[in-house]
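Take a look at the structure set out below.
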Ligand SMILES: [Zn+2]
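Chains as they are written, first to last, in UniProt numbering: chain A, 1 to 426; chain B, 1 to 139.
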């Protein structure tokens, strides 16, 4: 394959809702999903300085249709976003949805078909339609969320025979990492605590994050003088898949994100500073996601290599990195695979604070899947949103000191599609 | 109602095999590789020329963690939390599955981790609606 974008494509506008719960979170409580989505789309279109009638096509992402109940999303959302009569499709690549959408948009722009494409992602993983109500919602149980989410995982053999995301994505990977690099379980636990602390710090500086409370503050609120005692408490932070604990995981959220992709020459003089989509790589795999070495994931290797090749970058060029961190240990393995962190040294980097916004290897400054929260098909767009803010110098208190010129965003779409997007300053 | 012949299905055959304690895979006539659990296409070289084969059930448990309770799937609510492992079958394929013969506690899993890879043997675990594969620690 030629693996080239023959014309340059840029992100000219980004939008993102608050992540949280449509039944209780400030800024979200009482919104319909139509209005939730429209908010993110409006922000992206405003950012690009255009309206919904200025786009040529709409790629509408939504993965868990069971809770949203809006298939045919393009048309059902068209009058809420001003995009009537456009070309459109409803698509999903699970938790990679919005960035796979960005790649499809870049391809369609680079091919000379469309000048401007609106990509959006919508997901509700905390609430579902109540009865047959057009606007009332109710909570989804933990088991129901995973029963629906796991429909994206091997339904012939994996899920029917006891597949468990917490073991496969967390516990077993953690043990593989410890065995490969000779790390003790105690050192692993301490490192995961520090990594969670970093993500929660980032969330505390992000008004759109699901969790905006630092880990230390939460520990103090629960009566712990030492936050590590809180971390090791079975009551507050149980093992979900030993040696991985609850607070090393994703938190579910309702949320939406959007972006405008356009021809580089058409974005000249645009309202906001555009960011080039320099390259992408996509590779998927069925179970098992890894062989004997639980830290090596072949589809991620292929996605990373393809994206770096298309963008013409190497690991040394990366200024900012987000890797999919539904599972904090898996996110570290992927960061090591990109070359941004040294193999076997990723957890040490976390312990030393190097992954903080003010460290020398900043990662996931929006808070990641744990603190920012995870709304499956909307989340990759929030990673891109954060990278664009950082590259424009608009990330406020969590701004990386040296404004990033190259950002790499990796996501795992369940189960699994490794997706890597490379963004570059124009 | 006309008498319609039922088509063969690798999935149905796999679970019917499990019910009898037989572990079914396919091998590829082109590259010799195993595809387990079975499909109609070689997972290594994409050849359609695959043929059913029975596996020994011998395996090595590489890593073991546990699931959560309540389980993500209602089928496993009664046995959660259970040990879930990363394994290599004697014939080569890497699989993950339920592990029997060790408790899902941090202490027992840590002791198992420190032992390193251990031999296990596949068996059929009969859930209320489906036979599933499980691997029991040998000895
Ligand atoms: Zn073959």
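All C-beta atoms, glycine included, are put in the ideal place defined by N, C-alpha and C.
Residue range 275 to 284 is occupied by the beta strand (DSSP E) that includes residue 283 (chain A). Shortest gap from the CB of residue 191 (chain A) to any heavy atom of ligand 1: 7 Å or more. With a cutoff of 8 Å on beta-carbon distance, residue 368 (chain A) and residue 199 (chain A) are scored as near each other. Bounds of the alpha helix (DSSP H) holding residue 333 (chain A) are 328 to 338.
At least one CB of chain A lies nearer than 8 Å to the CB of residue 72 (chain B).
Not one heavy atom of ligand 1 is found less than 7 Å from the C-beta of residue 92 (chain B). Shown here, residue 16 (chain A) sits in a strand according to DSSP, grouped into three states.
Our two residues, residue 252 (chain A) and residue 2 (chain B), have alpha carbons roughly 50 Å apart in a direct line.
In this structure, residue 30 (chain B) has its beta carbon less than 7 Å from a heavy atom of ligand 1. Taken through DSSP and simplified to helix, strand or coil, residue 96 (chain B) comes out as strand. Among the residues of the stretch 112 to 134 of chain B, those with a Cβ less than 7 Å away from any Cβ of chain A are 113, 130, 132, 133, in the order of the chain. When secondary structure is reduced to three states using DSSP, residue 9 (chain A) falls in the strand class. Between residue 109 (chain B) and residue 55 (chain B), the beta carbon gap of about 26 Å keeps them out of contact (Cβ cut-off 8 Å). Shown in chain order are the members of the stretch 41 to 69 of chain B whose Cβ falls below 7 Å from a Cβ of chain A: 62, 63, 65, 66, 67, 68. Residue 264 (chain A) and residue 9 (chain A) do touch by the CB rule: their CB atoms are close to 7 Å apart, below 8 Å.
For residue 136 (chain B), not one C-beta of chain A is nearer than 8 Å to its own C-beta. Considering only beta carbons, the part of the stretch 130 to 156 of chain A lying closer than 8 Å to chain B consists of 142, 143, 146, 147, 150, 156, in chain order. Residues 3, 4, 5, 278, 279, 280, 281, 422 of the same chain have their beta carbon placed closer than 8 Å to that of residue 310 (chain A), with the five preceding and five following residues left out of the count. Sequence-ordered contacts of the stretch 87 to 101 of chain B with chain A read 88, 94, 95, 96, 97, 98 [C-beta pairs closer than 7 Å].
In the structure shown, residue 263 (chain A) adopts extended strand secondary structure according to DSSP, grouped into three states. Our two residues, residue 136 (chain B) and residue 98 (chain B), have alpha carbons roughly 9 Å apart in a direct line.
Assigned with DSSP and collapsed to three states, residue 15 (chain B) falls in helix. A:67 is the residue among A:148, A:67, A:382 whose C-alpha sits nearest the C-alpha of residue 131 (chain A).
Distance from the CA atom of residue 35 (chain B) to the CA atom of residue 25 (chain B), rounded to whole angstroms, is 6 Å. At a cut-off of 7 Å, the beta-carbon of residue 97 (chain B) does not count as near ligand 1: no heavy atom of the ligand is closer than that. Within chain A, the residues 185 have their CB atoms less than 7 Å from the CB of residue 110 (chain B), given in chain order. For residue 84 (chain B), the C-beta contacts it makes with chain A under 9 Å involve 162, 163, 164, 166, 167, 168, 171, 172, 241, in order along the chain. In chain A, no part has a C-beta under 7 Å from the C-beta of residue 2 (chain B); the shortest such distance is about 29 Å. The C-beta of residue 250 (chain A) comes no closer than 8 Å to any C-beta of chain B.
Scanning A:382, A:387, A:237 for the CA closest to the CA of residue 97 (chain A) turns up A:382.
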